[in-house]
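Since the structure comes first, as structure tokens, the remarks are kept for the end.
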Amino acid sequence: MKHTLIILAMCLMAFGCSEDTTSPIGDASINFSTTMSSSTVHTTGIIKGESTAASTVDSLKINNIRILISELKLHRDKEKDTVGNHKVKSGPLLLTLDATKKLALATGTVPAGVYDKVKFEFHRFSSSEITQYLNDPVFKDFVTDKRSTFIIEGMVYAGGVQTPFTYKSDATVNLSLNFDTPITLNGGTVYSIDISADPNVIFVKGKEILDPRDEKNNNDIDNAIKSAIKAIKK
Numbered sequence: 011m012k013h014t015l016i017i018l019a020m021c022l023m024a025f026g027c028s029e030d031t032t033s034p035i036g037d038a039s040i041n042f043s044t045t046m047s048s049s050t051v052h053t054t055g056i057i058k059g060e061s062t063a064a065s066t067v068d069s070l071k072i073n074n075i076r077i078l079i080s081e082l083k084l085h086r087d088k089e090k091d092t093v094g095n096h097k098v099k100s101g102p103l104l105l106t107l108d109a110t111k112k113l114a115l116a117t118g119t120v121p122a123g124v125y126d127k128v129k130f131e132f133h134r135f136s137s138s139e140i141t142q143y144l145n146d147p148v149f150k151d152f153v154t155d156k157r158s159t160f161i162i163e164g165m166v167y168a169g170g171v172q173t174p175f176t177y178k179s180d181a182t183v184n185l186s187l188n189f190d191t192p193i194t195l196n197g198g199t200v201y202s203i204d205i206s207a208d209p210n211v212i213f214v215k216g217k218e219i220l221d222p223r224d225e226k227n228n229n230d231i232d233n234a235i236k237s238a239i240k241a242i243k244k
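What follows is the structure, given as structure tokens:
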């Protein structure tokens, strides 16, 4: 069975988003919220065969997924933008996905304008930024032990025994979403982006559930994260 992961299902709901021929002024607010589509990775419906993984488990329970966005770039529509700067950058940002509830994140601001694309960059902090974020309560976990981009925490179930785990990935990903029609972000208006993740695909290889505690599975897990990221505008 071929699984498809939508780790970032983006819903950009632009309240009052219309084709505006005038140049918007001020700052627009973008409110990020997150949900996890499923918190359980289990073997129901999987027919066991010869294992191709380094080590496997019976099931996983995901508590949360934290994702470091090093930069978020909004690209201005060149035909309607008179400012001259066609890229607006913001970052870093931390996204936390929790299966128990929908989480509202801090609202960020961008200059009002007409935009035709949004780009997410999931890159590690540089070595020179370690000192800057080492004592930061939000970002410190992304510079300790290793410079990570994804941190997944949960519980492993194997042979009737449950064990907590923390999986840190330094996978680097760039994700772009082109708008079919350029959108107008007006000053003083709030726009929402909803981000969701399904952890099943990240930890499933063939008919087996990968053990995130075994470093020999890191390459498979990291490749699943990188290759499966997709963005959908709803």
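Note that my numbering numbers the sequence shown so that position 14 is 24, with each residue one more than the last.
Every residue, glycine too, gets a C-beta built ideally from N, C-alpha and C.
Buried or exposed for residue i, please, with buried defined as at least 16 other CB atoms from any protein chain shown within 10 angstroms of its CB.
i	result
residue 166	buried
residue 44	buried
residue 84	buried
residue 26	Any reading at residue 26 must be qualified, since the residue scores a pLDDT of 31, below 50, and its modelled position is unreliable; no value is offered.
residue 137	exposed
residue 209	buried
residue 105	buried
residue 215	buried
residue 144	exposed
residue 227	buried
residue 49	buried
With H, G and I counted as helix, E and B as strand and the rest as coil, what does DSSP make of residue i?
i	result
residue 224	coil
residue 237	helix
residue 67	coil
residue 211	helix
residue 127	strand
residue 8	Residue 8 cannot be examined here, being either before or after the span of the chain that is shown, 11 to 244.
residue 37	strand
residue 150	helix
residue 190	strand
residue 229	helix
Going by DSSP, which residues form a beta bridge with residue i?
i	result
residue 140	DSSP lists no partner for residue 140.
residue 86	125
residue 50	71
residue 164	72 and 175
residue 132	183
residue 260	No information on residue 260 is available, as it lies outside the stretch 11 to 244 that the chain covers here.
residue 289	Outside the shown range of the chain, which is 11 to 244, sits residue 289, and nothing can be said about it.
Here's a check: name, in chain order, each residue in its chain whose Cβ is nearer than 6 Å to the Cβ of residue i, leaving out the five neighbours to either side.
i	result
residue 131	80, 81 and 184
residue 162	75 and 177
residue 173	166
residue 65	221 and 224
residue 9	Summary: the structure shown does not reach residue 9, with the chain confined to residues 11 through 244, and so no result is reported for it.
residue 140	153
To which residues of the same chain is residue i closer than 7 Å at the C-beta, ignoring the five residues directly before and after it?
i	result
residue 87	124, 125, 126 and 192
residue 180	134, 156, 157, 158 and 159
residue 122	34, 35, 36, 37, 38, 195, 196 and 197
residue 52	69
residue 164	70, 71, 72, 73 and 175
Flag residue i as yes when its Cβ comes closer than 8 Å to any non-hydrogen atom of the ligand MN, and as no otherwise.
i	result
residue 134	Looking at this structure, you won't find the ligand MN or any other ligand, since it has none at all.
Can you name, in chain order, every residue of its own chain whose Cβ lies under 8 Å from the Cβ of residue i, other than the five neighbours on each side?
i	result
residue 232	179, 180 and 181
residue 32	Only weak support exists for where residue 32 lies, its pLDDT of 42 falling under 50; the coordinates are left without a value.
residue 28	Caution applies to residue 28, whose pLDDT of 33 falls short of 50 and renders its modelled position unreliable; the value that the coordinates give is listed next. Contacts found: 194.
residue 146	none
residue 107	44, 45, 46, 74, 75, 76, 77, 113, 205, 206 and 207
Is there a C-beta anywhere in chain C that falls below 9 Å from the one on residue i?
i	result
residue 224	Within the model displayed, chain C is absent; a lone protein chain is all it includes.
Between the segment 207-224 and the segment 70-87, do three or more beta carbon pairs fall short of 8 Å?
Contact check between the segment 207-224 and the segment 70-87: three or more CB pairs, one atom from each, fall below 8 Å, which counts as touching.
Give a yes or no on contact between the segment 121-136 and the segment 187-196, applying the rule of three or more CB pairs nearer than 8 Å.
The answer is yes - the segment 187-196 touches the segment 121-136, with three or more Cβ pairs under 8 Å.
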